[in-house]
Amino acid sequence: MTFNQDSLKNDRSQDWRVELRNIIKNKDRLKLQRVRMNEVDAEKRVQSYVEVNSGLTAEQAVNEAQRCLDCANPTCISGCPVEINIPAFIKNIERKDFLEAAKTLKLTSSLPAVCGRVCPQEKQCEANCFYTIKMKTEPVAIGFLERFAADYERESNQISVPATATANGIKVACIGSGPASLTCAGELAKLGYSVTVFEALHEIGGVLKYGIPEFRLPNKIVDVEIDVLKQMGVQFETNFIVGKTATINDLREEGYVAFFAGSGAGLPRFMEIPGENYIGILSSNEYLTRVNLMNAASPYTDTPVICGLNVAVIGGGNTAMDSVRTAKRLGAKRAMIVYRRSMDEMPARIEEIHHAQEEGIEFLTLTNPIEYFSDEKGCLKQMRVQKMGLGEPDASGRRRPVEIEGSEYLIDVDTVIVSVGVSPNPIIPNSLPNLKMTRWKTIEVNEETLQSSIPDIFAGGDIVRGGATVILAMGDGRKAAASMNNYIQNIKTK
Amino acid sequence: MNKIVKKEIFSENVIKLVIDAPRIAKARKAGHFVMVRNGADGERIPLTIAGSDPVKGTIDLVIQKVGVSSRKITSLNVGDYVTDLVGPLGEATHIEKVGTVLACGGGVGVAPLLPIVEAYKKAGNRVVTILAARNKDLIILEPQIREFSDEVIIMTDDGSYGTKGLVTDGIESVVAKEKIDMAITIGPAVMMKFASRVTKKYNIPTIASLNTIMVDGTGMCGACRVTVGGKTKFVCIDGPEFNAHEVDFDEMLLRLSGYRELEKKADDNYLSKH
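Quick mapping for you: the protein sequence lines, in order, are chains A and B.
Using my numbering, read the first sequence as starting at 1 and increasing by one per residue.
Using my numbering, read the second sequence as starting at 495 and increasing by one per residue.
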């Protein structure tokens, strides 16, 4: 469902919304201060995997909701990749109908408790809030409120399961079980399709499970959202690699009429610098998978993990922050971010950077590793880094890092986690020689429909975007579901 | 969950499990591997498929007890279930008619070698197979290998069976007698290192099937990376087979030892309780 301007207006002119707007004058709303998220103290939280943010109280949420002016032209929505009706859910919080707020979120977002925690709101909805644009002040805390509504619903044990159309018996497949695929599956289930999600790993959730740590996104929250999909009739097959366990052709023969490839960007990049294969140097994917998916830090599990004392994480994205903060929790005395640009260009969410700083993470910016050194057993002991300056902006719009000659120096490290990006997973493309790919090895799709060069295969999320965010993947999942529905209805009428 | 339908004990430390996995049995080819996890707290480990029965829908895994995970999996019995099993993974062996193929299997590496020997034989090649192990008890699958080999040479370190000597001695003896068009080697990394050193001396194109540390087995983690021809490759998706003469076996040996202390501690702990 897309909210067109008319339906937004109708919603806004409902009596209760009008009444709410009249209770508090805008000039009084504007005087209210943005809420501060309740957090577990940094010294305490690094001793465990407790979630850092503990959420808002109902009172805090209602007060924050009062800041929202319920604008006639809600620009915030344009910043949301899944077009959540933001004023509607916030006003429901203001009138203390928290369950209705959650329902509003779920009209367009299949994972609100996840988005409320991991979306870069400061670049999306909150960047487009009236307060940010017109008042040049702190936006309404849309992300915190989203999380509040979703958490309230979950904890109330009155979780609403979105309505599904009468089952049409048409089989569709979603490949991968990360945010893109889960969203696509949910949307298709709402339309009455018989949806199966195929997952390569033994757990459902993709990057939400293996990538994002417990202290930022507890697994039980992901599981609750998956459970809603199950209640909507979505089937899940774990330990199933489409392209290997069965081919797309096998699945076509089994009756699947359309496919969504959301298999992600599961191929870590390395820097190809000398010594990068020494023991103690690993990808953030490996490190986080061991700790998050395999629970390797627990003494009761069989998967080992290296608990380094001097840990450097190379990169400045969310995954780098997740890795370095995990290292701190695994006992690192010195946990560093080594990033080749400056703090201003750092792509991680601002909140994650703040949290990392509070937890004592060191930031070595404008610094780039150029070589690693090991002891006689092949174990990493030092890295040589080079200082960088910033030149002209490059294709990404960020200023290009430039090497400063003669600035090299050594840092003692026993563990390095390389977090410099990921490439698309090649398993699906390799199994489909006719599938058109881009030169970045992502699947080429029609931007409007997300249809690939093979008509019954649609794709979205990181397998199309390279490395992006949870919410952009979800936006793709939603868009692809609509296109798949059109495609299937068209072939049916032919 | 996949049911174990048959269990054979090859030796004290080497066990064969036949596991119900109809899709994998149908899809797998020589050279493929699977990832196996046993128990909710289990580790994911890669195991090369030794054979399959697509009609019965089963695959064969031959597992050597080397640590906690392999001990746990080999302790399962007929009727038990493996918690997770996924595959087939990796690129299949490229099979073609080349003339005479020399297949070198070391220890438990003979198991994944078997389907490759079979495929080369069926493609019309002459196949000479060397089975090498520390002693007679560790020579496995000899009758099955004989079925698809024109000649089989047994080498044992202690001379308790076949000829006393290493796999390299076996290779030298074959090369002295006939022209070999290509070689394939599967076994411990150190055995493959020395086997491929000998074949390189005689300019025999050689494939090695590598068994490295993996977490997911689908390209995601990069734990399995090796240097081949100066470039970093992932064993799980680029391999498991590579040009043996380009593999940096010394680096691979170091990387295999990356978790040795933790593995040893866990294994001692497990053995003290079982």
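Ideal Cβ positions, reconstructed from N, Cα and C, are used throughout, including at glycine.
Going by C-alpha distance, which of A296/A, K494/A, K492/A and T449/A is nearest G477/A? Locating residue 477/A in the first sequence gives position 477, counting from the first residue. Comparing Cα-Cα distances from G477/A to each of A296/A, K494/A, K492/A and T449/A, the minimum goes to T449/A.
CB of Y372/A within 8 Å of CB of L380/A, strictly: Residue mapping note: residue 372/A aligns to position 372 of the first sequence, counting from 1. Residue mapping note: residue 380/A aligns to position 380 of the first sequence, counting from 1. A contact, by the Cβ cut-off of 8 Å.
Check whether the Cβ of K244/A lies closer than 8 Å to any Cβ atom in chain B. Numbered from its first residue, the first sequence carries residue 244/A at position 244. K244/A counts as touching chain B.
Using a Cβ-Cβ cut-off of 7 Å (strictly less than) and excluding sequence neighbours within five positions of I281/A, which residues of its own chain qualify? Along the first sequence, read from residue 1 onward, the residue named residue 281/A stands at position 281. So the qualifying residues of the chain are Y372, L380, V416 and V418.
Report all residues from its chain with a CB closer than 8 Å to the CB of A42/A; omit the five preceding and five following residues, and keep chain order. As a first step, residue 42/A must be located in the first sequence, where it is residue number 42. So the qualifying residues of the chain are H355, E358, E359 and G360.
Closer than 6 Å by C-beta to V595/B: which residues in its own chain qualify, once you throw out the five before and the five after it? Chain order, please. The count along the second sequence starts at 1 and reaches residue 595/B at position 101. Y614, N619, V621 and M676.
Chain B contacts made by the stretch 197 to 208 of chain A, where a contact means CB separation under 9 Å: Correct list: A200, L201 and H202.
Taking all protein chains shown into account, do 16 or more other C-beta atoms lie within 10 angstroms of the C-beta of N486/A, making it buried, or fewer, making it exposed? To locate residue 486/A, count along the first sequence from 1; it is residue 486. Exposed.
Can you check whether the C-beta of T2/A is within less than 8 Å of a C-beta belonging to chain B? By one-based count along the first sequence, residue 2/A stands at place 2. Note that T2/A scores a pLDDT of 48, beneath 50, so its modelled location is shaky; the value from the coordinates is reported in the next line. Not one chain B Cβ lies under 8 Å of T2/A.
Look at the Cβ atom of L201/A, then the Cβ atom of Y210/A, and state whether they are nearer than 8 Å. The sequence position of residue 201/A within the first sequence is 201, counting from 1. The sequence position of residue 210/A within the first sequence is 210, counting from 1. Cβ distance < 8 Å, so L201/A and Y210/A count as in contact.
Can you find the residues in the same chain that come closer than 8 Å, C-beta to C-beta, to T438/A, ignoring five residues on each side of it along the sequence? Working through the first sequence from its first residue, we reach residue 438/A at position 438. The answer, listed in chain order, is E444.
Between the alpha carbons of N737/B and P699/B, how many angstroms are there, rounded? Translated into positions along the second sequence, residue 737/B becomes position 243. Translated into positions along the second sequence, residue 699/B becomes position 205. Distance between the alpha carbons of N737/B and P699/B: 8 Å.
Going by DSSP, what residue range makes up the beta strand (DSSP E) through L111/A? Position 111 of the first sequence, counted from the first residue, corresponds to residue 111/A. Per DSSP, L111/A belongs to no beta strand (DSSP E) and is neither H nor E.
Between which two residues does the beta strand (DSSP E) harbouring V224/A extend? What you label residue 224/A is simply residue 224 of the first sequence in a count that begins at 1. It is not in any beta strand (DSSP E) - V224/A instead sits in the alpha helix (DSSP H) that spans N219 to Q231.
Coarse secondary structure for L635/B, derived from DSSP in three states: Taking the second sequence and counting its residues from 1, the one referred to as residue 635/B is at position 141. It is coil, neither helix nor strand.
If I measure Cβ to Cβ from M484/A and keep anything under 6 Å in the same chain, skipping five residues before and after, which residues do I get? Taking the first sequence and counting its residues from 1, the one referred to as residue 484/A is at position 484. For M484/A, where only same-chain residues beyond five positions count, the Cβ hits under 6 Å are A258 and F458.
Proximity of V512/B and D554/B at Cβ, strictly below 8 Å: Against the second sequence, residue 512/B aligns to sequence position 18. Against the second sequence, residue 554/B aligns to sequence position 60. Taking a C-beta distance under 8 Å as the contact criterion, V512/B and D554/B qualify as a contact pair.
Of all the options L69/A, E405/A, V291/A and T57/A, which has the alpha carbon lying nearest to the alpha carbon of E19/A? Residue numbering aside, residue 19/A sits at position 19 when the first sequence is read from its first letter. The closest CA to that of E19/A, considering only L69/A, E405/A, V291/A and T57/A, is found on L69/A.
Exposed unless 16 or more other CB atoms sit within 10 angstroms - verdict on Q158/A: Position 158 of the first sequence holds residue 158/A. Under this definition Q158/A is an exposed residue.
Nonlocal neighbours in the same chain, by C-beta distance under 6 Å from D11/A, ignoring five residues either side: On the first sequence, residue 11/A is found 11 positions in, with the first residue counted as 1. Counting only residues of its own chain and dropping the five nearest sequence neighbours on each side, D11/A has a CB closer than 6 Å to the CB of A88.
Straight-line gap, E59/A to M37/A (C-alpha atoms, nearest Å): Taking the first residue of the first sequence as 1, we reach residue 59/A at position 59. Taking the first residue of the first sequence as 1, we reach residue 37/A at position 37. Going from the Cα of E59/A to the Cα of M37/A covers about 13 Å.
Identify the continuous alpha helix (DSSP H) that holds F236/A and give its terminal residues. As a position in the first sequence, residue 236/A is number 236, starting the count at 1. No alpha helix (DSSP H) holds F236/A; the beta strand (DSSP E) holding it covers Q235 to E237.
V611/B vs S564/B beta-carbon contact at 8 Å: Counting from 1 along the second sequence, the entry for residue 611/B is found at position 117. Counting from 1 along the second sequence, the entry for residue 564/B is found at position 70. The answer is no: Cβ separation not under 8 Å.
Give the single residue among E740/B, T712/B and E672/B whose Cα lies nearest to the Cα of S703/B. Within the second sequence, numbered from 1, the residue matching residue 703/B stands at position 209. Closest by C-alpha distance to S703/B, out of E740/B, T712/B and E672/B, is E740/B.
Kindly indicate if chain A contains any beta-carbon less than 8 Å away from that of Y655/B. Numbered from 1 along the second sequence, position 161 holds the residue referred to as residue 655/B. When Cβ-Cβ separations below 8 Å define contact, Y655/B makes no contact with chain A.
Taking the alpha carbon of E214/A as the reference point, which residue from L293/A, G466/A and E83/A has its own alpha carbon closest? Indexing the first sequence from 1 puts residue 214/A at position 214. If we check each option's Cα against that of E214/A, L293/A comes out closest.
Using DSSP's beta-bridge definition, name the partner residues of M383/A. Indexing the first sequence from 1 puts residue 383/A at position 383. Answer is Y372/A and I411/A, bridged to M383/A.
Report the CB separation of P304/A from L756/B in whole angstroms; it is logged as a contact under 8 Å. Taking the first residue of the first sequence as position 1, residue 304/A is located at position 304. Taking the first residue of the second sequence as position 1, residue 756/B is located at position 262. Sure, about 4 Å apart at Cβ, within 8 Å.
Mapping DSSP to helix, strand and coil, what is A335/A? Within the first sequence, residue 335/A is the residue found at index 335, counting from 1. Of the three classes helix, strand and coil, the one that applies to A335/A here is strand, per DSSP.
May I ask you to verify whether the stretch 75 to 89 of chain A touches the stretch 99 to 114 of chain A, counting CB pairs closer than 8 Å and requiring at least 3? Cβ pair count under 8 Å is three or more, so yes.
Chain B residues whose Cβ lies nearer than 8 Å to that of N368/A: Start at 1 with the first residue of the first sequence, and residue 368/A comes out as number 368. Under the 8 Å cutoff, chain B gives no residues; its nearest Cβ is about 19 Å from N368/A.
To the nearest angstrom, report how far apart P274/A and R341/A are at their CA atoms. Walking along the first sequence from the start, residue 274/A turns up at place 274. Walking along the first sequence from the start, residue 341/A turns up at place 341. The alpha-carbon atoms of P274/A and R341/A are separated by roughly 21 Å.
What in chain A is Cβ-close to D574/B, meaning under 8 Å? Translated into the one-based positions of the second sequence, residue 574/B becomes position 80. Neighbours of D574/B on chain A: none; closest Cβ ~17 Å, over 8 Å.
Of the listed residues P299/A, P429/A, I212/A and L366/A, nearest to N763/B (C-alpha basis): Sequence index remark: in the second sequence, residue 763/B carries index 269 (1-based). The residue from P299/A, P429/A, I212/A and L366/A with its alpha-carbon nearest to that of N763/B is P299/A.
So, is the C-beta of G551/B closer than 8 Å to a C-beta in chain A? Against the second sequence, residue 551/B aligns to sequence position 57. For G551/B, the answer is no, since every Cβ of chain A falls outside 8 Å of its Cβ.
At the level of alpha carbons, what is the spacing between R334/A and P218/A? The residue given as residue 334/A occupies position 334 in the first sequence. The residue given as residue 218/A occupies position 218 in the first sequence. Roughly 25 Å between the two C-alpha positions.
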